[in-house]
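**Q** In this note's numbering, each number is its position in the sequence shown, counted from 1, plus 357. Note that the Cβ used here is the ideal one computed from N, Cα and C, for glycine as well. Would you mind keeping the following structure in view while I ask a few things?
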Amino acid sequence: SGIIDLIKMKANIFSDGKIEESDIPSDLLSEAEEYRKKLVEKIAESDDTLLERYLEGSGLSEDEITKGIREGSLTKRFIPVTCGSSLKNIGIPQLLNAVLLCLPSPEEMAHLVPIKGKNPKDGKEVERKPLKTDPFSAYVFKTIADPYAGRLSVFRVYSGILKADSTVLNTSIGAKERIGQVFYLMGKKQIPAHTMAPGEIGAVAKLRETVTGDTLSEEHHQIVFEKLRFAEPIISYALAPKSKGDEEKISVGLQRILEEDPTLRFQRDEETKEMLLSGMGQVHLEVTIERLKRKFGTEVLMKTPKVPYKETIKVAARAQGKYKKQSGGRGQYGDCSLEIEPVPRGGGYEFNDKIVGGVIPQQYRPAVEKGVIETMHEGILAGFQVVDMKVTLYDGSYHTVDSSEMAFKIAGSMALKKAFLDAKPVILEPVMKIEVVTPDDTLGSVIGDLNSKRGKVQGVEPHSGGNQKIAALVPMSEMLTYANQLHSLTSGRGLYSMEFSHYEEVPSYIAQKLIAECEAKKKEKAEEK
358 SGIIDLIKMK
368 ANIFSDGKIE
378 ESDIPSDLLS
388 EAEEYRKKLV
398 EKIAESDDTL
408 LERYLEGSGL
418 SEDEITKGIR
428 EGSLTKRFIP
438 VTCGSSLKNI
448 GIPQLLNAVL
458 LCLPSPEEMA
468 HLVPIKGKNP
478 KDGKEVERKP
488 LKTDPFSAYV
498 FKTIADPYAG
508 RLSVFRVYSG
518 ILKADSTVLN
528 TSIGAKERIG
538 QVFYLMGKKQ
548 IPAHTMAPGE
558 IGAVAKLRET
568 VTGDTLSEEH
578 HQIVFEKLRF
588 AEPIISYALA
598 PKSKGDEEKI
608 SVGLQRILEE
618 DPTLRFQRDE
628 ETKEMLLSGM
638 GQVHLEVTIE
648 RLKRKFGTEV
658 LMKTPKVPYK
668 ETIKVAARAQ
678 GKYKKQSGGR
688 GQYGDCSLEI
698 EPVPRGGGYE
708 FNDKIVGGVI
718 PQQYRPAVEK
728 GVIETMHEGI
738 LAGFQVVDMK
748 VTLYDGSYHT
758 VDSSEMAFKI
768 AGSMALKKAF
778 LDAKPVILEP
788 VMKIEVVTPD
798 DTLGSVIGDL
808 NSKRGKVQGV
818 EPHSGGNQKI
828 AALVPMSEML
838 TYANQLHSLT
848 SGRGLYSMEF
858 SHYEEVPSYI
868 AQKLIAECEA
878 KKKEKAEEK
């Protein structure tokens, strides 16, 4: 594989990360000459002197082409394009060379594009020109967790001069930061520098409070730049440590990596108890896991996250739970009757004590509720948390010798399980509100795919760039790998976002499947014992 350099009219062949320059293959030569002609014409049109030479048939040299691209970029008449792949390290040196040769320096742009920000004191707009004579300002666009130097803040100087061993103000949070040694980053190398000028990218270690997106400036000439807006993650995976006891190491390592990459999210799901890592795509997450292994020596497995299903009831029901055990000496006795009723979706849990006349002593009633709460948390139908239910303790009995808190806790659990199964129990699933942006030519395929996922399309409207925006409601269980599916359907041109909308009842065939899976797990655990 390779690319053709239209300026030099040479082919760059890539193999094992190395570049070999050679003549253009004969089967591509005529096409390359055609595009070279278009390039030269475009450049000649931007400069009268070059146009005159071109019309005279003299042609343009490599230097003249490069100069023409640079001047065209400066005046924004056109934008240079290079080809390559960062994943395979193809074309990256050519891209960097093109930046150096073809793009204007900050000083060349000073009279055209002043940098705008705000004064943090009064909110008024402030401008900086990319000149050494203007007050210092810089933007921290990346943070690196270096195993030796600690946290490195990588910044771009927009105006003025940053000197080593100086003090600056983080205007984003109003905190002073001490600048020690500043240096350029060249791969893993850190090259010390005494100063940094406009347009230069540098790094500094151990800033106490500065994070990605913060602005640094002079205390007496303050400016704060608008923070970068990062896209929300579109795909999530659950993480499981390969070695037991590594969860803490994983958490610490990922927190360090999150400082470097603001597009990542890491959290522990309180309901499923899983560690969830979210990012911009599967490759993004795979690279993150590889970095975790390389930097922190921790290996993890990625798997599809669990769906936080819930259980609830549709009608009211009553049941008695009696726990009685006698095995010589003092026994165990607890007896209670419960009524359960459904409440509106999202209504939560409510417990009412309606015991009259002391049929259950006050000291044992909290134990009944404890048994109810623990059983609701464990699930009854398929092992999912029970929600949206009102529980009333209305009757029972006790034994003066054998009754105990434990006995009433068990009785409460027994009563709830019996009543729950008589109250037309159902399983609820989370439904997501999604927006999909797709090109016109794949609209039908995307809508068809959403329908196949039990989705409900709410509307379609025109979007920028000749695209269409689809609004839909889709069960979460159908969206766990949607990023890859949408990429395939739209050849990488589709985008989507989603957020939680509500819970609704799952179809009966899915409920039966979930119940069967729960029973199989119970059987497996029982056999292990």
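Once the 5 residues before and after Arg722 are set aside, which same chain residues still bring their CB inside 7 Å of it?
**A** Same-chain partners within the cutoff: Asp710, Ile712 and Leu750.
**Q** I'd like to confirm the pairing. Which residues does DSSP put opposite Leu658 in its beta bridges?
**A** Ala597
**Q** Between Gly703 and Val794, which are expected to be in contact by the criterion C-beta below 8 Å, what is the C-beta distance as a whole number of angstroms?
**A** Cβ atoms of Gly703 and Val794 stay farther apart than 8 Å, at about 30 Å.
**Q** Short of 6 Å in beta carbon distance, which residues of its chain neighbour Gly740, apart from the five on each side in sequence? Order them along the chain.
**A** Cys875
**Q** Over what stretch of residues does the beta strand (DSSP E) that includes Asp752 continue unbroken?
**A** Per DSSP, Asp752 belongs to the beta strand (DSSP E) from Met746 to Ser754.
**Q** Relative to the C-alpha of Ser387, which residue among Ile370, Ile376, Ala401 and Ile361 is closest?
**A** Ile361
**Q** Nearest to Pro832 by alpha carbon, out of Pro787, Pro864, Asp479 and Thr799?
**A** Here the closest residue by C-alpha is Pro787.
**Q** Output yes or no for whether 8 Å exceeds the beta carbon distance between Ser443 and Ile436.
**A** 8 Å or more divides the Cβ of Ser443 from the Cβ of Ile436.
**Q** Helix or strand or just coil, what does DSSP make of His641?
**A** helix
**Q** Which of the three DSSP states, helix, strand or coil, is assigned to Thr572?
**A** strand
**Q** Going by other Cβ atoms of all chains shown within 10 Å of its Cβ, with 16 needed for buried, is Ser694 buried or exposed?
**A** buried
**Q** Would the C-beta of Gln720 count as close to the ligand HEM, meaning under 7 Å from any of its heavy atoms?
**A** Within the structure as shown, the ligand HEM is missing, as the structure has no ligands at all.
**Q** Excluding sequence positions up to five away, which residues of its chain have a Cβ less than 6 Å from the Cβ of Ile364?
**A** Glu419 and Ile422
**Q** State yes or no: is the C-beta of Thr569 within less than 8 Å of the C-beta of Val497?
**A** The Cβ atoms of Thr569 and Val497 lie closer than 8 Å to each other.
**Q** Does the Cβ-Cβ distance between Ala532 and Glu482 come in under 8 Å?
**A** no
**Q** Since Ile361 is in the beta strand (DSSP E), which residue starts that stretch and which ends it?
**A** Per DSSP, the unbroken beta strand (DSSP E) holding Ile361 starts and ends at Gly359 to Asp362.
**Q** Can you pull the DSSP bridge partners for Met771?
**A** Bridge partners of Met771: none, in fact.
**Q** Would you be able to state if there are at least three C-beta pairs under 8 Å between the stretch 657–671 and the stretch 728–747?
**A** yes
**Q** For Gln677, list the residues DSSP reports as bridge partners.
**A** BP columns for Gln677 point to Ser694.
**Q** Considering only the beta carbon of each residue, do Leu634 and Leu611 sit closer than 8 Å?
**A** yes
**Q** With distances taken Cα to Cα, identify the nearest neighbour of Ser834 among Val817, Leu846, Lys790 and Lys826.
**A** Distances from the CA of Ser834 to each of Val817, Leu846, Lys790 and Lys826 were compared; the closest alpha carbon is that of Lys790.
**Q** Please say whether Lys520 and Val511 have beta carbons closer to each other than 8 Å?
**A** no
**Q** What are the start and end residues of the alpha helix (DSSP H) that includes Ile804?
**A** Leu800 to Ser809
**Q** Look up Phe435 in the DSSP assignment and say whether it is helix, strand or coil.
**A** coil
**Q** Cβ atoms of Met637 and Ala673: under 8 Å apart, would you say?
**A** With a cutoff of 8 Å on beta-carbon distance, Ala673 and Met637 are scored as not near each other.
**Q** What are the boundary residues of the beta strand (DSSP E) that includes Tyr721?
**A** Premise fails: Tyr721 is in no beta strand (DSSP E) and is neither H nor E.
**Q** Report, in whole angstroms, the separation of the C-beta atoms of Leu837 and Lys813, which I expect to be a contact under 8 Å.
**A** Taking C-beta atoms under 8 Å as the contact rule, Leu837 and Lys813 fail to qualify, at a distance of about 18 Å.
**Q** To the nearest angstrom, report how far apart Leu542 and Ala554 are at their CA atoms.
**A** 15 Å
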